[in-house]
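K.L.:
Protein chains in written order, with the working numbering: chain A, 10 to 350; chain B, 21 to 330; chain C, 279 to 628; chain D, 64 to 568. The beta-carbon is built from N, C-alpha and C at its ideal position, and this holds for glycine as well.
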Amino acid sequence: MKLRRKKAFNETTFLLTITITLFFAMYIAGMIVFKNNGFARLQVFLNLFISNASLIVIAAGMTVVMITGGIDISVGSFVAMSCMMLAHMMERSGYGAIHSVLIVLLTGIVFGFVQGYLVSYLKIQPFIVTLAGMFFARGMTAIISQDMISIKNPMFLSWATHKIYLPFGGYTNRKGVLVIPYIYPTVIIALIALVVIWALLRYTKFGRRIYAIGGSETSALLMGLNVRRTRLFAYILDGFLCAIGGILFCLNTCSGFVEQAKGLEMEAIAGAVIGGTLLTGGVGNVFGSLFGVLIKGTIETFITFQGTLSSWWTRITIAALLAFFIILQSLLASSKLKKRR
Amino acid sequence: AQESAAPAASDNLIVVGYAQVGAESDWRTANTQSFKSTFTEANGYRLIFDDAQQKQENQIKAIRSFIQQDVDYIVVAPVVETGWETVLKEAKDAGIPVILSDRMMDVSDPSLYTCWVGGNFIKEGEDAGKWLIDYLKKQGRSNEKINIVTLQGTIGASAQIGRTEGFGNIVKTQPNWNMLAMQTGEFTQAKGQEVMESFLKSYPDIDVVVAENDNMAFGAIDAIKAAGKTCGPNGDIIIISFDAVAAAFDSMIAGDMNVSVECNPLHGPRVAEIIQKLEKGETVDKIQYVVEEVFDTSMDLPAVKATRLY
Amino acid sequence: MNEKLKRITHYRLFLPLICLALVLLVNMIKTPTFFHLSIKNGVLYGYTVDVVNRASELVILAVGMTLVVASSAGTDISVGAVMAVAGAVCCYILSGGAVSVNEYHAPWILGLLAALVAGTVCGAWNGFLVSRMKIQPMVATLILFTAGRGIAQLITKGQITYIRVESFKLLGANIPGIPLPTPIFIAIIVVLITSIVLKKTALGLYIEAVGINPTASRNVGIKSKQIIFFTYTFCGLLAGIAGMIATSRIYSADANNIGLNMELDAILAVALGGNSLGGGKFSISGSVIGAYTIQALTTTLYAMGVSADQIPVYKAIVVVIIVTLQSEEFNRYMRKFSARFAARKAEVAK
Amino acid sequence: MEEHQHVVLTMRGICKSFPGVKALQDVDFTLRTGEIHALMGENGAGKSTLIKVLTGVYELDKGEIRLEGIDHPIVNRSPEEAQSKGISTVYQEVNLCPNLSVAENIYIGREPKKFGRIDWKTMNRLGAELLKSLDIDVDVTVPLGHYSIALQQMVAIARAVDMSAKVLILDEPTSSLDELEVEKLFTLMRKLKGQGVGIIFVTHFLEQVYEVCDRITVLRNGQLVGEYPVAQLPRLQLVAKMMGKDFDDLASIKSLRKHTPAEDVVISTERLGHSGTIKPFDLQIQKGQVVGLAGLLGSGRSELARCIYGTDRPDSGKLHVDGREFAASHPIDSMHAGMAYLPEDRKNEGIIADLSVRENIMIALQAKRGVFKLLSRKEQEEFTDKYIDLLQIKTSDRDAPVKSLSGGNQQKVILGRWLLTEPDFFILDEPTRGIDVGTKTEIQKLVLQLADQGTSVMFISSEIDEMLRTCDKMEVLRDGAKVAELDGDRMSQESIMASIAGGER
Ligand SMILES: Nc1ncnc2c1ncn2[C@@H]1O[C@H](COP(=O)(O)OP(=O)(O)OP(=O)(O)O)[C@@H](O)[C@H]1O
Ligand SMILES: Nc1ncnc2c1ncn2[C@@H]1O[C@H](COP(=O)(O)OP(=O)(O)OP(=O)(O)O)[C@@H](O)[C@H]1O
Ligand SMILES: [Mg+2]
Ligand SMILES: [Mg+2]
């Protein structure tokens, strides 16, 4: 039969294109507006990655669970718990850096397993499970220690402060010091994790099942996919990524305390959504989330470069830019969809 | 690196990047205001202000951004004491001196920052304790058993740690003082009230409430009144508080609060002084306390309040 | 007898009620004074009064949140921030912009109305984004979640604005001569009015229909977008009311702390009440019970002297236990398990 | 032939009950290799339930299932397990993932791999080839949700067929297909049969049963009526067995019509169009007239209906209702103008799954009355009972959630919903899809009754017979444009087919 088909295009790719285009538009706008303040320097761009390395990994994990139609709001607290564990183990309990890191990774897997079990096998709503997870991890952080612990473990610090210099883009600042662009190992780890997750989602059965159950859980079940196990693994993967994220976060801040990483979950969710992931599941891409995070980072960089905003204006401006972006994205998407109809 | 400081930018202003915690309290707002009114173009400065919304990550980002913006000095009021190694090293590598305000930083290498300006929380706590000794002596209750409860600040905050420790130092010297309970009221009035309500039900005879900031004290006062008790100089319960913001003076004048130990937020001028010295190439003291007083109801409070800026 | 028991256990609110009872039972054992009531200054006084009193804002928010969840299968995470905005607007009007006043600069009712309008406007903005712009609820409300406290601070210029007038405290404390705190009554009134409206009109049905299947609802003539818009606006209004209570309790606008983290508790209350966060069928009474359960838990932990920043751990454990007990899947496992157990026992008996 | 057929699947004493309903009681079923076995029964007889018990979607309460080559009774705990044992299924409602590409939907769970990773190229190529062999030419890389239900149904079939199982189950696969596609499906089924696959086939089209099936098992009210070779069970008897009573033949329906339509035009369109789907269209419907829309899949029949009703907004032309120009901004406007619309996509646009039967029935009338005039509980129950009775809706309770009803009964609920609003103009898009013969006749009668009472009806169906029986006038569509308007004697199977096929007329 001859079939008339609605114009071939794919929401995911489309939203991703919007996001990437808007990101570059925004960044270039920043270079023009703040051209006298050094916004165009390579290091400013690299700082986006340095400061957001952990968020990139966490947003990737968030993307995975969001594709299944779930959500994980425990990530911020979990990061705090990871940092506290690292700090406490290395500074108070005499563990080595490597052991501590491995234990945190394991904890991430266990944490993901428990949350995943509750979500997939007991069918409790993800929001509630991870809300409990959020409370639990934050409270546990306080139970481990109510102090602020600085990490002074030499090995850990050497990881944290090991600059990897780039061979180009250096400049001399006003103090006459030659500043050479650099990144930290955290950035490389984050990017590797991102690529691995991307490949996992695209090229493995597990990855495709995640999309399938997000698209329609009943259908996936009736098509003979093991929905529960897939979802469980998605949360385990998320837990593992959160642990990596926690470690990267700790490499950036080198300390543990109760209030750490508050609200990180919202940043991760915002990053994923701006990157074109649907909270309803089935649609999403980790690279989208990467750009979502970078967009948020760029907005924040604008604010620091602006440099005169008071606290309230900072919040309002961030929200306004966020609103602008979300609404623009929604308008573009819906006008495109209309054309399709 | 300070000698090599290049002459200021074309407009000859000294560029200062200030990474503030947020605007979580009146104290903080007064502190910000102090910086904004000191580092004006008229005074020869350009201030780049960044508000971290109470998040350390944001402050780290801000410091990195200051480095890229080629500021002459970085001033940080750290959200927390820990975790600054990496980014301070970046500032040092770029040759930019860092001045700390309000809270300390816990770093392995003290040369990472130039100096620190702030109040002495432990001393504040001790001052409060000493005030109580005097006050009880005046009332002739020195040998009575005194039951105390403490509304702590947000656990882990420097102010909470310092004030708890300072007051604790005095408690240890007074065998007749009995610390019934300590619970955090998270520096807010509402939580202070809620926790105080709970204290009042569990402990029928409380003599002294130590609230680690004024807001929690206000909440505690409300809870006490609601429970049918009285507080203040003429009441059943003695209220000791910290910060001495304007509202605390109102409360003392109204006879609800006994004492408030000042925590001076006006760090701006002090930091400006330091920067001037550094510009001239002089060395500065590593630790610089700001002056702090104790205000209680025995003073002419309306007159004192009129002279205060916050 | 057995039939009757079954009927009771199948009653929708059975589990939420059991949970509340359990929390209270723990109290009875752990803190014997928990149920003591006494009269002080003509006012009822005791832990239980505190629970009911302190839960008022949460109850009010939970009502609005229930409707939002039911109609849009999404949550409004901005309610806490909206409370702060409402409080700030009110205090700004009443103080005329000063930091602390001892008398009103404008009639009290004007401040109240302004606060409610502010809440409603915020809700309408969320509703607009969700219903018209088709933005996912959590993301749409993320905007006000981020901006709300900023707006509130902008209004109060970053300072805590005090209204030191006795009558201002009435909304959050006791009206002289009435033995219970005012918030309790406000919460009851909100719950009653909402339930009556939902019962006496088709609104409840519409909300459920839209939450379950917006396309089909549209086809049968329900204006899905309007309904969703309405629930968000109403949720905003209720957040405004809750904000007024919270403000009145501390007779000041504290932009940073009013309603802090309340959104999470409100969502939790909805879920503990046995409502699905996936939209559709809902029960207001369930959410209300959920809200009281959460507050009872918090007060209990305070009474037991648990440190505030460790409280979340216990809260998490209790929440997980409660939702697990409520989960159908879990009950299925249990039934299967007990059937197998019975079978084995029968075998052994043979 | 019978001799070298052996049994591939037996089900013995199968019981399954849901709260309030005994969906299956002691049902036996036997499937042999290389046979097409029809599973017949009225709506709610338990056909889908039997299948779902077999494939592990539902847990069975009692009974025994045996599969060839396994020497102990099997229990499938999940569709995954059933699939791994060689049972592949197309379920009643299209059950695929709309967000995945067409090719993925076919291959998910068994993707072709290369170097341990999914080989997209091969998958897309295989998918395209497979669909090509069914004569379907689509872009397999596009998300499935972009295609019509019919196409989705074909993809689901392709998926099940391609898994080349021992047992293939097709639960009403033909309900949304047109005749050409049904033919293609049958060719395919015969081929598989030749390869020795046992096929279970559920349908409400009796002709189809007699065309392809070898054996029939009849269920009634969850109980087994019997198993018969097709040759020994003539049509009328089959229907009698399904319904448990004798059945008056379909052919006589048209004679029920008493009145001819009045002259006054109720609905007329003037070059009504919607870019991309329907070209400017002129149509007139008189009071009490039944107008049929004929055409192939995707010819734009549903689109036209949607434009008239106002779920989609036409972007050119005019619509007149009772002579006055009318533009609906929301379906509620159309409802106030006296329209009613039964959509073709029951699952997504019709039922409100979690609401009860009662609420689903009363909701349209309620919406018409407005939010403040709530129907009293008593009225609601009266109305509900009336339509449960009138349409013989099988439900345990008027307050049972509508999602617990069988597919056909859900359709009746929606029908009842609209009848309750007493419309002047009723748009029925595939109203008989998934409905058993008995009820089908009832619905056809109902349509004629409505017309007699002065209601105008727009009737869309893939079954030309059915339309011939009920319609006064037929509009034939092709590619969104009207190619013929037939009435009276010019209306016949041949003339319609000819118009659809595109002969010059
Ligand atoms: N999940 C369920 N919960 C409760 N009752 C159910 C459920 N599924 C089916 N039923 C009931 O079981 C009976 C048999 O339904 P089933 O879907 O098997 O019918 P069917 O023969 O496939 O009908 P149709 O031809 O309409 O598809 C019906 O009365 C239906 O209401
Ligand atoms: N095979 C197809 N491929 C892509 N899009 C299609 C296909 N068939 C229909 N559509 C689209 O689906 C929508 C519905 O078509 P429509 O339902 O009006 O046709 P129809 O004649 O009613 O067919 P059906 O018998 O499937 O109901 C239209 O937007 C049409 O463009
Ligand atoms: Mg069926
Ligand atoms: Mg159609």
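With a Cβ-Cβ cutoff of 8 angstroms, do LEU339 (chain C) and ALA544 (chain C) count as a contact?
P.N.:
Result yes, Cβ atoms of LEU339 (chain C) and ALA544 (chain C) sit closer than 8 angstroms.
K.L.:
For the candidate residues A:ARG324, A:SER343, A:SER298, A:ILE308, whose alpha-carbon lies nearest to that of LEU25 (chain A)?
P.N.:
That would be A:SER298, whose Cα lies nearest to the Cα of LEU25 (chain A).
K.L.:
To test your reading of the DSSP string, which unbroken alpha helix (DSSP H) runs of 4 or more residues are found completely within the segment 333-375 of chain C?
P.N.:
Those alpha helix (DSSP H) runs which fall completely within the segment 333-375 of chain C and span 4+ residues are 334-350, 357-373.
K.L.:
Can you list the residues of chain B that GLN155 (chain A) reaches, using a CB-CB cut of under 8 angstroms?
P.N.:
In chain order: ILE175, GLY176.
K.L.:
Taking just the CA atoms, how far does LEU359 (chain D) sit from VAL546 (chain D)?
P.N.:
So the alpha carbons of these two residues sit roughly 12 angstroms apart.
K.L.:
Which chain C residues are close to VAL215 (chain B), counting only those with a beta carbon under 9 angstroms from its beta carbon?
P.N.:
Residues of chain C passing the Cβ test: TYR580, ALA586.
K.L.:
Report yes if the C-beta of ASP234 (chain D) is less than 7 angstroms from at least one heavy atom of ligand 3; otherwise report no.
P.N.:
ASP234 (chain D): yes, Cβ under 7 angstroms from ligand 3.
K.L.:
Roughly how many whole angstroms lie between the Cα atoms of GLY291 (chain A) and LEU390 (chain C)?
P.N.:
Computed Cα separation, rounded: 45 angstroms.
K.L.:
By Cβ distance, which residues of its chain are closer than 6 angstroms to GLU407 (chain D), with the 5 residues on each side in sequence left out?
P.N.:
Closer than 6 angstroms at the Cβ level, and outside the excluded window around GLU407 (chain D), lie SER365, ASP492, GLU493.
K.L.:
Leaving out five residues on either side along the sequence, give the residues of the same chain with a beta carbon under 6 angstroms from the beta carbon of HIS383 (chain D).
P.N.:
Only SER331 meet the Cβ criterion.
K.L.:
Using a C-beta cutoff of 8 angstroms, does TYR154 (chain D) count as contacting chain A?
P.N.:
With 8 angstroms as the cut-off, TYR154 (chain D) counts as an interface residue toward chain A.
K.L.:
Indicate, with yes or no, if ligand 5 has a heavy atom lying under 7 angstroms from the CB of GLY557 (chain C).
P.N.:
Only ligand 1, ligand 2, ligand 3 and ligand 4 can be found as ligands here, which leaves ligand 5 out of the picture.
K.L.:
Determine the direct distance from the alpha carbon of ASN168 (chain D) to that of LEU515 (chain C), and round the result to whole angstroms.
P.N.:
When rounded, the distance between both Cα atoms is 46 angstroms.
K.L.:
Compare the C-beta of ARG180 (chain D) with all C-beta atoms of chain A and state if any pair is closer than 8 angstroms.
P.N.:
True, the Cβ-Cβ gap to chain A drops below 8 angstroms.
K.L.:
Please identify the residue among A:LEU200, A:LEU57, A:ARG50 whose C-alpha is closest to the C-alpha of ILE308 (chain A).
P.N.:
ILE308 (chain A) has its Cα closest to that of A:LEU57, out of A:LEU200, A:LEU57, A:ARG50.
K.L.:
Output, in chain order, the set of chain C residues within a Cβ distance shorter than 9 angstroms of GLY248 (chain B).
P.N.:
Neighbours of GLY248 (chain B) on chain C, chain order: LYS318, ASN319, VAL321, TYR323.
K.L.:
Note down the Cα distance separating ALA342 (chain A) from ALA106 (chain A), rounded to an integer number of angstroms.
P.N.:
Roughly 47 angstroms between the two C-alpha positions.
K.L.:
Quick check on DSSP: helix, strand or coil for VAL630 (chain C)?
P.N.:
The question about residue 630 (chain C) has no answer, for chain C in this structure spans 279 to 628.
K.L.:
Indicate whether at least one CB of chain B lies closer than 8 angstroms to the CB of LEU336 (chain C).
P.N.:
It does not; no Cβ of chain B falls within 8 angstroms.
K.L.:
Taking all protein chains shown into account, do 16 or more other C-beta atoms lie within 10 angstroms of the C-beta of ALA418 (chain C), making it buried, or fewer, making it exposed?
P.N.:
Label assigned to ALA418 (chain C): buried.
K.L.:
If I measure Cβ to Cβ from TRP151 (chain B) and keep anything under 8 angstroms in the same chain, skipping five residues before and after, which residues do I get?
P.N.:
Answer for TRP151 (chain B): ILE260, VAL279, VAL281, VAL314, ASP316, listed in chain order.
K.L.:
According to DSSP, MET521 (chain D) sits in a beta bridge with which residue or residues?
P.N.:
Answer by DSSP bridge pairing, in chain order: D:VAL354, D:ILE490.
K.L.:
Less than 8 angstroms between CB atoms is the rule here; does LEU345 (chain C) satisfy it with respect to chain D?
P.N.:
With 8 angstroms as the cut-off, LEU345 (chain C) does not count as an interface residue toward chain D.
K.L.:
Have a look at ILE456 (chain C) and ALA581 (chain C) and give me their C-alpha separation to the nearest angstrom.
P.N.:
Taking the straight line joining both Cα atoms gives about 26 angstroms.
K.L.:
Should GLN155 (chain D) be listed as close to ligand 3, given that the test is whether its C-beta is under 7 angstroms from any heavy atom?
P.N.:
Yes, since a heavy atom of ligand 3 falls inside the 7 angstroms radius drawn around the Cβ of GLN155 (chain D).
K.L.:
I'd like to know if GLY428 (chain C) contacts chain A, where contact means its C-beta is closer than 8 angstroms to some C-beta of that chain.
P.N.:
True, the Cβ-Cβ gap to chain A drops below 8 angstroms.
K.L.:
Beta-carbon within less than 7 angstroms of LEU33 (chain B)'s beta-carbon, same chain only, minus the 5 sequence neighbours each way: which residues are those?
P.N.:
Excluding residues within five positions, the ones whose Cβ falls inside 7 angstroms are GLU61, GLY64, TYR65, ARG66.
K.L.:
Less than 7 angstroms between C-beta atoms, sequence neighbours within five positions excluded: which residues of the same chain meet that for LYS350 (chain D)?
P.N.:
Around LYS350 (chain D): PRO324, ALA325, ASP327, VAL329, GLY517, SER519.
K.L.:
Could you name the residues of the same chain whose beta carbon sits closer than 8 angstroms to that of VAL346 (chain C), not counting the 5 residues immediately before and after it, in chain order?
P.N.:
Counting only Cβ-Cβ distances below 8 angstroms, and skipping sequence neighbours, we find GLY352, THR353, ASP354, PRO415, THR509, TYR510, CYS513.
K.L.:
Using alpha carbons as the reference points, say which of B:VAL100, B:TYR93, B:ILE87, B:GLY301 lies closest to GLU110 (chain B).
P.N.:
For GLU110 (chain B), the nearest C-alpha among the options comes from B:ILE87.
K.L.:
Can you pull the DSSP bridge partners for SER331 (chain D)?
P.N.:
Answer is D:GLN347, D:HIS383.
K.L.:
Is it the case that the CB of GLY401 (chain C) approaches a heavy atom of ligand 3 more closely than 7 angstroms?
P.N.:
No, the beta carbon of GLY401 (chain C) sits no closer than 7 angstroms to any heavy atom of ligand 3.
K.L.:
Could you give the residue range of the alpha helix (DSSP H) that holds ARG618 (chain C)?
P.N.:
Here the alpha helix (DSSP H) through ARG618 (chain C) covers 606-627.
K.L.:
What does THR116 (chain A) reach in chain D if we use C-beta pairs closer than 7 angstroms?
P.N.:
By Cβ distance, chain D contributes nothing, its closest Cβ being about 29 angstroms from THR116 (chain A), past 7 angstroms.
K.L.:
Locate the alpha helix (DSSP H) running through ASP126 (chain B), then write down its first and last residues.
P.N.:
That residue, ASP126 (chain B), is in no alpha helix (DSSP H); it is neither H nor E in DSSP.
K.L.:
Whose C-beta lies closer than 7 angstroms to the C-beta of GLN507 (chain D) among residues of the same chain, with five residues either side of it excluded?
P.N.:
Excluding positions up to five away in sequence, the list reads ILE316, GLU529, ARG532, THR533.
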